[in-house]
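Beneath this line is the structure, given in structure tokens, with notes to follow.
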Amino acid sequence: MAETEECLVLKQLTDALDSLKISYAIGGSIVSSIYGKVRFTQDADIAVTPFAEKAGQLFDLLKKDFYISKDAMDQAITNRRSFNVIHLASAFKIDIFVQKDDDFHRLMFVRRKKVKLDESVDHLFDIVSAEDIVLLKLQWYESSGCVSERQWSDVLGVLAVQGQSLDMAYMRSCSEKLGLSDILQKAVEEACE
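Residue 163 in this note's numbering sits at position 158 of the sequence shown; the count goes up by one each step and never skips.
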């Protein structure tokens with residue numbers, strides 16, 4: 006579960022996205038903590054579908070309560086990268102990743118789940134599936150040169166807690182396409198020890 010204040014900030018952001026019909030999926034350590042072992046985090050990660058035609062509207066909806074750079078947002082949309090917003094009252098940072106144009110990221114949006122992040126916040130949030138958070142974390146782990154202990158620990162936590170409920174065929178298929186087969190196999194073996 007995320008903290009109540011974080012959930013309220015996420016609700017404010019996702020309400021803005023929903024109002025513009027911009028699909029989103031929360032990921033990162035918030036989600037790996039739901040599926041795996043709890044880890045404190047000071048920010049959130051959200052993937053969004055491309056929204057170039059709605060960028061000005063989103064900026065206008067957020068600028069009062071969030072620090073947001075229109076230039077950074079526009080560059081992220083153009084290059085399918087990330088930008089961040091910071092909630093002014095709480096200093097809570099949210100990294101927003103514009104969906105990459107590949108099969109894995111499109112499937113990730115199809116496979117989203119709706120969950121409550123905090124019992125005191127009556128709202129269902131779209132989050133990535135357990136399988137997809139493992140694959141996303143493995144991508145981050147690999148991009149760090151396979152040295153990020155946080156990412157690795159998050160992966161092992163989800164694998165250990167979810168165990169047999171994970172769709173391993175899906176994960177193996179995606180990991181092969183993403184070039185992560187060996188790392189996934191190593192993680193599965195280590196989580197089973």
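Where is the CB? At the ideal position from N, CA and C, for every residue including glycine. As the structure is a prediction and not an experimental result, all values here were calculated from the model.
Checklist entry - According to the neighbour-count rule (16 or more other Cβ atoms, all chains shown, within 10 Å of its Cβ), is residue 50 buried or exposed? => result buried
Next on the checklist: Rounded to whole angstroms, what is the Cα-Cα separation between residue 36 and residue 114?
Outcome noted: 14 Å
Next on the checklist: Is it buried or exposed, residue 89, if we count other Cβ atoms within 10 angstroms and call 16 or more buried?
Outcome noted: buried
Item to check | Delimiting residues of the beta strand (DSSP E) encompassing residue 119 | outcome: 118 to 121
Checklist entry - With a cut-off of 8 Å, do at least 3 Cβ pairs link the stretch 146 to 154 to the stretch 73 to 82? => result no
Next on the checklist: So the candidates are 196, 139 and 150; which of them puts its Cα closest to the Cα of residue 180?
Outcome noted: 139
Next on the checklist: Alpha carbons only, please: which of 188, 128 and 18 is nearest the one belonging to residue 100?
Outcome noted: 18
Item to check | Spatial distance of residue 174 from residue 121 (CA atoms) | outcome: 27 Å
Item to check | In DSSP terms, what residue 98 is bridged to | outcome: 48 and 91
Checklist entry - Taking all protein chains shown into account, do 16 or more other C-beta atoms lie within 10 angstroms of the C-beta of residue 197, making it buried, or fewer, making it exposed? => result exposed
Next on the checklist: Mapping the DSSP letters down to three states, classify residue 6 as helix, strand or coil.
Outcome noted: With a pLDDT of 38 at residue 6, under the threshold of 50, the modelled position of that residue is not reliable, and no figure is offered here.
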